[in-house]
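Visitor: Numbering (our numbering), first residue to last: 1 to 662.
Cβ coordinates follow ideal geometry from the N, Cα and C atoms, glycine included.
(1) Run through DSSP, which three-state label would residue 342 get?
(2) How would you label residue 5, buried or exposed, when you count the other beta carbons within 10 angstroms and need 16 or more for buried?
(3) Tell me the DSSP bridge mates of residue 180?
(4) For residue 92, write down the residues that DSSP places opposite it in a beta bridge.
(5) Among residues of its own chain, excluding the 5 on either side of residue 264, which ones have a beta-carbon nearer than 7 Å to its beta-carbon?
(6) Within the same chain, show all residues whose beta-carbon is closer than 8 Å to that of residue 2, passing over the 5 residues directly before and after it, in chain order.
(7) Just the C-alpha distance for residue 384 and residue 106, rounded to the nearest angstrom, thanks.
(8) Which one of 193, 243, 374 and 443 has the shortest CA to CA distance from residue 207?
(9) State yes or no: is the C-beta of residue 417 within less than 8 Å of the C-beta of residue 453?
(10) Does the stretch 423-436 come within contact of the stretch 600-620, defined as at least 3 CB pairs closer than 8 Å?
(11) Would you kindly work out how many angstroms separate the C-alpha atoms of residue 39 and residue 162, rounded to a whole number?
(12) Taking 8 Å as the cut-off, decide whether the C-beta atoms of residue 364 and residue 380 are in contact.
(13) Could you please give me the residues that DSSP links to residue 116 through a beta bridge?
(14) Helix, strand or coil for residue 665? Go by DSSP, reduced to three states.
(15) Output needed for residue 378: all residues of its chain with C-beta closer than 6 Å, excluding positions within five of it in sequence on either side, in chain order.
(16) At 3 residues or longer, and completely inside the stretch 575-639: list those beta strand (DSSP E) runs for me, N to C.
(17) Rounded to the nearest angstrom, what separates residue 641 and residue 343 at their Cα positions?
(18) Ignoring anything shorter than 3 residues or poking outside the stretch 29-82, list the beta strand (DSSP E) runs there in chain order.
(19) Using 8 Å as the cut-off, can you tell me whether the stretch 77-89 makes contact with the stretch 165-175, which would need three or more C-beta pairs spanning the two stretches below that distance?
(20) Can you tell me the Cα-Cα spacing of residue 393 and residue 308, whole angstroms?
(21) Closest to residue 472 by CA distance: which of 303, 546 and 235 is it?
(22) Please list the segments of the beta strand (DSSP E) lying wholly inside the stretch 382-436, counting only runs of 3 or more residues, in order along the chain.
(23) Could you pull the start and end residues of the alpha helix (DSSP H) that residue 303 belongs to?
(24) Tell me whether residue 229 sits in a helix, a strand or coil according to DSSP, three-state version.
(25) Would a C-beta distance cut-off of 8 Å place residue 450 and residue 405 closer than the cut-off?
(26) Would you check if the distance between the CB atom of residue 553 and the CB atom of residue 560 is smaller than 8 Å?
(27) What's the C-alpha gap between residue 481 and residue 507?
(28) Where do the N-terminal and C-terminal ends of the alpha helix (DSSP H) with residue 509 fall, by residue?
(29) My output table needs one value for residue 272: the three-state DSSP class, helix, strand or coil.
(30) From what residue to what residue does the beta strand (DSSP E) around residue 320 run?
(31) Given this structure, state the Cα-to-Cα distance separating residue 460 from residue 635, to the nearest angstrom.
(32) Leaving out five residues on either side along the sequence, give the residues of the same chain with a beta carbon under 7 Å from the beta carbon of residue 579.
(33) What separation, rounded to the nearest whole angstrom, lies between the Cα atoms of residue 210 and residue 576?
(34) Can you check whether the CB of residue 291 is closer than 8 Å to the CB of residue 281?
(35) Please list the terminal residues of the continuous alpha helix (DSSP H) segment that includes residue 191.
(36) Are the CB atoms of residue 512 and residue 463 within a distance shorter than 8 Å?
Structure (structure tokens):
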């Protein structure tokens, strides 16, 4: 680990007229784009938030100058300059800011989320520091492919206070990833000067991660380009991550309309006197380059781009649901498994092994999934069988999920493990605001074929923070698929289907079923996502459940048969999207509906099914819909309280009897 200032300028670069001219052209394009965007915003032609980077053009152009098409950048909410520096089209960008169908993201992203993953721009991001774990994922993909690509992650000085900064840099260091973490220190985190936000500089922090650190004048485009070129070449040769801090300044406020009461005019004037465009123009003047002609060419280009964007149409209302997810190819329901008996834990490992063996783009990552073989031993032996593709991570849930997002955007099929379902709150941003939304916000430019495996299981005094069934929380987020299998064969078939799916899938196992046995399916067994299974035919009442509670429901159905009550039992298997058709067809036959799940009853899957039944199945209902779930308290520890809290077979049976007698 070393800490240095920027190297002396390359004489060839500093005097190369063509290079300097093109650098100036790109910087001027950014300046004019931002200036015009400010005016369009004031005229109400840009409907959303607008964060401009006027004054920071040199850091954007210099950092992107050494990057090629195979290289990736992640950006911030102040990302227009980064996008232009990486080569994005300003006409599409203006259209995006105006919310037009011809926009870079078809009007679905806007200023804070502008991106073009097809050209290595993995996007601006409305969440501070959220791009850093995604950059680690893109760098993981680059490392696994071994083709010499690098990733550059822009972030502001304020992002250093975020846990995602720490998690991403630490993970990148542990894995020796080819990523440059590039801080544009513009002296303010929103309204707050950097001195009020942190006591440690980036130079102080770098040794804690065992990464190299470099400081550079962010208003000198040649200095920035020279440094990043040197660092990128080392990364392409196998070096690990680097932190770069570029000193620069934003001339406008945090957002357009910011009253800017937090800084004085003298400070702004001092930085304007260091205008990066004026500095480079002076160099070009010494080389007899006519910058006025360049300025006019850029102005003409901006004028044409704005007019084209103005003339474009907004997205049609009937396209509202486009790009939420990738449509799935139909998969037939497989025959019942009839092979040798195996356990659910074997099903998980066998499915992972199959996909690792047959698809080089699949890799596993998570806490202790490698050498430790997972806390339950589910991945034991896979790290040895697939070196480099089964990776232990630090205890950093946001970095783990963010790595999956970035790697999936880069074309890999990551399978990452969240040790307990309860920990979803630690990394919810990367699932809710990144994985679930990036396809939509990029107008369909990207697919996110990633799987998050996790597990839950109340009933063994695991307490309030290790027992929760939180599927309804995730099912409420458009763009996520949520799967909860109940049998070993379905676990195998659904997990393989999830890994092959082009959408982000959260795969939730019940740890109390890891030892449960059932017949093994054939190796090519696939179970369709989004389709429920009728486990038992019946005529009197439809009983819907999933995961481990399915087995309690099966026991109840058998016991009630002796009382003359015929129960039709439906296993949802996929929670989101719900297989509404199968439930409604059953309701047409039985005219009664009971839903049982281990999650808290209020606002859950049962509530959703009840609402659907009351609207779409109203004329089939002969009795009120009844829900059976956990009591509305945190999961208790004491066995006596936990038993009272959980939905028991007795409560399920009572609900079915109540429905039949209504």
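Guide: This is what the structure gives:
(1) strand
(2) Low confidence applies to residue 5: its pLDDT is 44, below 50, so where it sits in the model is not reliable, and the reading given next is rough at best. Result: exposed.
(3) 152 and 242
(4) DSSP output for residue 92 lists no bridge partner at all.
(5) none
(6) Model confidence at residue 2 stands at a pLDDT of 48, short of 50, so the residue's coordinates are unreliable; what they give is reported in the following sentence. Closer than 8 Å at Cβ, skipping near neighbours: 212 and 213.
(7) 45 Å
(8) 243
(9) yes
(10) no
(11) 32 Å
(12) no
(13) 121
(14) For residue 665 there is no data in the structure shown, the boundaries of the chain being 1 and 662.
(15) 345, 348 and 349
(16) 593-600 and 626-630
(17) 30 Å
(18) 72-74
(19) no
(20) 47 Å
(21) 546
(22) 390-392 and 413-417
(23) 291-311
(24) helix
(25) yes
(26) no
(27) 8 Å
(28) Per DSSP, residue 509 belongs to no alpha helix (DSSP H); it is in the beta strand (DSSP E), 505-510.
(29) helix
(30) Per DSSP, residue 320 belongs to no beta strand (DSSP E) and is neither H nor E.
(31) 11 Å
(32) 530, 531, 532 and 572
(33) 42 Å
(34) yes
(35) Where residue 191 is concerned, there is no enclosing alpha helix (DSSP H), given that its DSSP letter is neither H nor E.
(36) no
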